[in-house]
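The sequence shown: position 175 = 181 (my numbering), numbered continuously.
Every residue gets a Cβ at the ideal spot worked out from N, C-alpha and C, and that includes glycine.
What you are looking at is a predicted structure, and each value in this text was computed from that prediction instead of being measured.
In what follows, a single structure is set out as structure tokens and then discussed.
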Amino acid sequence: MKTRTLYIFLIAMSFFQFLFAQDIIKTEKKLDSLFQKTAGKQMIQNALFRVDSEALDFQKSWAYGQFKNGKKVETNSPFHTASLGKTFTAVIIAQLVEEGKLDYDLPMFQFLPDSITNGLHVWEGKDWTQEITIGHLLQHRSGLSDYFEDQPKTGNNMLEVAFEKPDKFWTPQEMLDFYKAGFQARFAPGTDYHYTDTEYLLLGLIIEALEQKPLHEVFQERIFWPLGMIHTSMHLRSQPLEESATHMTEIYFGKAEVSSMKSLSSDWAGGGLRSTTEDISIFMKALFEGKLVDTKSLEGMQNWTPASKGTYYGYGLMQWRIRELFPLLPNLTLIGHHGFTGAFMYYCPELDTYLSGTFNQSEFQKGSVEFLIKVLMELKKTKTDSQTP
């Protein structure tokens, strides 16, 4: 009797495994259709997407479009990560905190020369610069303006200047001088939230001051090389361990193709990396599996403050709460980061799934979020079906 029962059990398990495999095939086809349909929108010239689902034991990479020379974009083609780089900078800061070289509550002026910090934050006639902490910088609560998109007192912001001077290579000091020459503070430190690359410029300078080496070398030694991210580097400042078979995918700001502009160097510690979807997935897995920072540090990076409806910001990490965006949808979250170019890297803890990619179109940031939510719905359905006898 026991032998017969075991035999029936094994047959049943084989049957359920077969059904699960069929569900995965269906899911793969649905995701392929969803990605191709989304990437096929008129404004998008090329796109990359990767799923790594631990819960479903499923991995898949997609590519869409072609380069201007007519060659097809490949799944291992590198792309400009835009603001995904903020998480990398935040990880370095967390490592330095673990090593006792920093603390989130310490004022940032202690780690930078007076020439940088003097008069950096003046609000309502008072200089608040010495009140800005490392934590404020990480969480966009310093009150500093964004040199990229905010409007200065006179002239243009960096996004506009980048088009005016496409061949200009920007050093961190020049970016800081650009900020100090034209921008004003927005609120007292710690009293509000405002997303700004200026803070991550300062964090990059702090890292260089503590490590006594260029930021791109710190990234290489602390993250890229130990994790085997052989196709990742700081764009225009360093080379990856191994060059990809194709060059970096082209970026579009509306109809304008901008990937060859040297002025992209103005995106530095806040997002100046180039990588692949596979390397980004390696990074995210390492972060959430405790290979880059310890559990306490990762929890600290997820000290959320409200950013906008359904969106929260920690220390270099964003969180999307899907049900707050759309009340009828499941209670799922995405933790990671988004970029101005439609780049993204997220972990969904409820589905134990990593998502990475880009649409390389500055006008498709909202669309890329909607795409990710649809992906989650498909993956959740597959997971639910697999758990149903």
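Pairwise C-beta distances place the region 200-215 in contact with the region 97-108, as three or more of them are shorter than 8 Å.
A straight line joining the alpha-carbon of Asp203 with that of Lys66 spans about 32 Å. If you draw a straight line from the Cα of Ser244 to the Cα of Thr347, it comes to about 21 Å. Counting along the chain, the unbroken alpha helix (DSSP H) around Ile122 starts and ends at Asp120 to Thr123.
DSSP places His344 in the uninterrupted beta strand (DSSP E) bounded by Thr339 to His344. Measuring C-alpha to C-alpha distances from Met235 to each of Ala215, Met254, Asp285 and Lys268 identifies Asp285 as the nearest. Membership of Gly71 in the beta strand (DSSP E) is indicated by the continuous run Phe64 to Gly71. Here Gln145 has Tyr199, Asn309, Thr311, Tyr319, Gly320 and Tyr321 as same chain residues with Cβ atoms under 8 Å from its own Cβ, once five neighbours each way along the sequence are excluded.
In the three-state scheme derived from DSSP, where H, G and I count as helix and E and B as strand, Ser39 is classed as helix. Nearest Cα to Phe365 within the set Ala45, Glu34 and Asp38: Ala45.
Excluding sequence positions up to five before and after His142, its CB lies within less than 7 Å of the CB of Ser148, Pro195 and Gly196, all in the same chain and listed in chain order. Boundaries of the alpha helix (DSSP H) around Ala187: Pro178 to Gly188. Between the alpha carbons of Trp274 and Ile379 lies a gap of roughly 29 Å.
Around Asp109, the same chain offers Val103 and Ile140 as residues with beta carbons nearer than 8 Å, after the five sequence neighbours per side are excluded. Judged by beta-carbon spacing, Thr93 lies beyond the 8 Å limit of Arg280, meaning their Cβ atoms are not closer than that value. By the Cβ criterion, the region 354-374 is in contact with the region 334-344, since at least three pairs of Cβ atoms, one from each stretch, lie closer than 8 Å. Apart from sequence neighbours up to five positions away, the residues of its chain that approach Pro178 with a beta-carbon distance below 7 Å are Leu207, Gly210, Leu211 and Trp274, ordered along the chain. Taken through DSSP and simplified to helix, strand or coil, His86 comes out as strand. Gly188 places its beta carbon less than 8 Å from that of Lys159. The residues Phe370 and Gly373, in chain order, have a CB closer than 8 Å to that of Lys47 in the same chain once the five nearest residues on each side in sequence are set aside. Ranked by how close their Cα comes to the Cα of Lys78, the residues Gly316, Met254, Val381 and Ser303 have Met254 in first place. Counting along the chain, the unbroken alpha helix (DSSP H) around Ser287 starts and ends at Thr283 to Phe294. Apart from sequence neighbours up to five positions away, the residues of its chain that approach Trp231 with a beta-carbon distance below 8 Å are Leu247, ordered along the chain. Judged by their CB atoms, Thr301 and Ser362 are not nearer to each other than the 8 Å cut-off. Between Ile122 and Leu37 the beta-carbon gap is near 47 Å, outside 8 Å, which marks them as no contact. In the structure shown, the three-state DSSP call for Met324 is strand. The residues Leu340, Gly342 and Leu361, in chain order, have a CB closer than 6 Å to that of Tyr352 in the same chain once the five nearest residues on each side in sequence are set aside. As a beta-bridge residue in DSSP terms, Met240 pairs with Leu279.
By the neighbour-count criterion, in which a residue is buried when 16 or more other Cβ atoms sit within 10 angstroms of its Cβ, Gly277 is buried.
Taking 8 Å as the cut-off, the Cβ atoms of Leu242 and Lys219 do not count as close. One thing to note: Glu256 has its Cβ no nearer than 8 Å to the Cβ of Ser250. For Gly141, there is no enclosing beta strand (DSSP E); the residue is found in the alpha helix (DSSP H) stretching over Ile140 to Leu144. Rounded to the nearest whole angstrom, the CA to CA distance from Phe115 to Ile138 is 8 Å. Residue pairing from DSSP leaves Leu207 without any beta-bridge partner. Around the beta carbon of Phe41, 16 or more other beta carbons sit within 10 angstroms, so the residue counts as buried. Asn52 is a Cβ neighbour of Gly71, given a cutoff of 8 Å.
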